[in-house]
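Participant: After the structure tokens below, expect a handful of questions from me.
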Amino acid sequence: MRARIYQPSKTAMSSGTAKTHIWVLEHAPANARAVDPLMGWTSSDDTQAQVKLRFDSKEAAIAYAEANGIDAVVRKPNKRKANIRAGGYSENFATNRRGAWTH
């Protein structure tokens, strides 16, 4: 049984970093998905592909995989760029603004 261990990235719908500090062990699908001929839905009989285990650290996820005989591949997380500007839209109207506000 193959699996991958990774640290999820932030969602594209928010600028927050919630749920990005955990590590996830996710099983790889054992067989391909099939299309149901009657309804056209995509389905699979592999229940392990639906399981995502969350851990506080990478070491805990690796230890779990080794203890249960799971062949796991660890993926390094993609880090955020350091040149992110602090502040936001409200910073344009701050009273302690450094420069003159013009259109």
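Positions in the sequence shown are counted from 1; adding 253 to them yields the numbering used here. Think of the CB as a built atom: it goes at the ideal place given N, C-alpha and C, for glycine as much as any other residue. The model shown is predicted, which means the values in this text are computed figures rather than measured ones.
#1: Can you pull the DSSP bridge partners for Thr295?
#2: Considering Ala256, what are the terminal residues of the alpha helix (DSSP H) in which it resides?
#3: Classify Ile275 as buried or exposed, calling it buried when 16 or more other Cβ atoms lie within 10 Å of its own Cβ.
#4: Go to Glu279, then tell me how far its beta strand (DSSP E) extends in each direction, as first and last residue.
#5: Grab me the residues of Pro330's own chain with a C-beta within less than 6 Å of its C-beta, minus the 5 sequence neighbours each way, in chain order.
#6: How big is the Cα-Cα spacing for Thr270 and Thr348?
#7: Judging by CA-CA distance, which residue of Leu306, Arg286, Asp309 and Ser268 is the nearest neighbour of Ser297?
#8: Give me the Cβ distance between Val357 and Lys305, rounded to the nearest whole Å; I'm assuming they're in contact under 8 Å.
#9: Using the Cα positions of Asn284 and Glu344, report the straight-line distance between them to the nearest angstrom.
Facilitator: If we stick to the structure as given:
#1: The residue given as residue 295 occupies position 42 in the sequence shown. Paired residues: Val288.
#2: The residue labelled residue 256 in the question sits at position 3 within the sequence shown. Premise fails: Ala256 lies in the beta strand (DSSP E), Arg255 to Tyr259, not in any alpha helix (DSSP H).
#3: The residue you call residue 275 lines up with position 22 of the sequence shown. Classification of Ile275: exposed, given that the 10 Å Cβ count is below 16.
#4: If you number the sequence shown from 1, residue 279 lands on position 26. Annotation: the continuous beta strand (DSSP E) that includes Glu279 extends over Trp276 to His280.
#5: Working through the sequence shown from its first residue, we reach residue 330 at position 77. Once the five neighbours on either side are set aside, the close Cβ partners of Pro330 are Gln260.
#6: In the sequence shown, the residue the question calls residue 270 occupies position 17. In the sequence shown, the residue the question calls residue 348 occupies position 95. Straight-line Cα distance between these residues: approximately 29 Å.
#7: The residue given as residue 297 occupies position 44 in the sequence shown. Comparing Cα-Cα distances from Ser297 to each of Leu306, Arg286, Asp309 and Ser268, the minimum goes to Arg286.
#8: No statement about residue 357 is possible, as the shown extent of the chain runs from 254 to 356 and does not include it.
#9: The residue given as residue 284 occupies position 31 in the sequence shown. The residue given as residue 344 occupies position 91 in the sequence shown. Spanning the two alpha carbons is a distance of roughly 52 Å.
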